[in-house]
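Report on the following structure.
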Amino acid sequence: MQAIAIGTTNQAKVAAVREVFGPDRYTLIPTNVPSGVSAQPLSDEETRQGAINRAKHALEKEQADIGIGLEGGVMEIDGELWLCNWGALVDRDGAVIAASGARILLPAEVAEGIRSGRELGDVMAEYTGKCNIRHQEGAIGVFTNGHVDRASMFRHIVQLLAGQYEFFCQNR
311 MQAIAIGTTN QAKVAAVREV FGPDRYTLIP TNVPSGVSAQ PLSDEETRQG
361 AINRAKHALE KEQADIGIGL EGGVMEIDGE LWLCNWGALV DRDGAVIAAS
411 GARILLPAEV AEGIRSGREL GDVMAEYTGK CNIRHQEGAI GVFTNGHVDR
461 ASMFRHIVQL LAGQYEFFCQ NR
């Protein structure tokens with residue numbers, strides 16, 4: 311059975327990988343690794359790089375067959391901050407696959423907190439009065455009124471990664 315190292319122990323992210331790469335098909339190994347980017351990524355490029363770094367570090371740390379990294383961040387469009395999310399899958403043969411997911415506009419009050427140098431999770435805790443939002447519904451769950459939560463948003467990204475991996479890499 312192949313091993314997949316997941317570059318996080320965040321419950322929502324691990325659940326997303328578990329739903330796509332079920333434990334009946336793969337051994338899943340959540341592991342803490344650095345993203346190598348800012349604690350609060352502030353662009354698509356930085357968020358994508360964080361996902362790639364997490365995937366590579368997880369693969370190396372756990373000596374797995376596949377590494378997966380998932381990273382949340384924000385990006386600016388026309389002076390407004392938008393939630394962005396990226397995932398990456400790497401394998402021992404050097405394949406690097408990336409995919410991005412949902413984007414939603416963040417309220418001005420939340421954007422202001424991020425622009426002042428705070429992380430989205432901390433701003434969201436203050437904004438909602440809830441702790442550990444990043445491990446549960448996430449900002450996406452709050453701002454979509456529960457229609458999309460963090461695990462389902464990342465599940466979509468992991469599905470994109472899995473499909474690309476199957477298409478491009480498993481038949482090489």
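Be aware that the sequence shown starts at 311, since it is given in the numbering used here, and climbs by one per residue. Every residue gets a Cβ at the ideal spot worked out from N, C-alpha and C, and that includes glycine. If you're wondering where the values come from, they're calculated on a predicted model, not measured in any experiment.
Q. Which stretch, first to last residue, makes up the alpha helix (DSSP H) that contains V347?
A. Under the DSSP assignment, V347 falls outside any alpha helix (DSSP H); it carries neither an H nor an E label.
Q: Output the residue ranges of the beta strand (DSSP E) runs that lie fully inside the stretch 400-434 and measure 3 residues or longer, sorted by chain position.
A: 406-410
Q) Considering only residues of the stretch 432-464, which uninterrupted alpha helix (DSSP H) runs meet the minimum length of 4 residues and lie entirely inside it, listed in chain order? A) As far as the stretch 432-464 is concerned, its whole alpha helix (DSSP H) runs of at least 4 residues are 448-453.
Q | Cβ pair G397, F464 closer than 8 Å | A | Result yes, Cβ atoms of G397 and F464 sit closer than 8 Å.
Q) Relative to the alpha-carbon of V420, which residue among L399, V452 and A408 has its alpha-carbon at the smallest distance? A) V452
(Q) If I measure Cβ to Cβ from D432 and keep anything under 8 Å in the same chain, skipping five residues before and after, which residues do I get? (A) G423
Q | A361 - containing alpha helix (DSSP H), residue span | A | D354 to E372
Q | Residue of G473, R425, I467 and Y475 minimising C-alpha distance to A325 | A | I467
Q: Identify, in the order they occur along the chain, each residue of the same chain with its Cβ nearer than 8 Å to the Cβ of D459, setting aside the five sequence neighbours on each side.
A: A322, Q446, E447, G448, I450 and G451
Q. Would a C-beta distance cut-off of 8 Å place G377 and A315 closer than the cut-off?
A. yes
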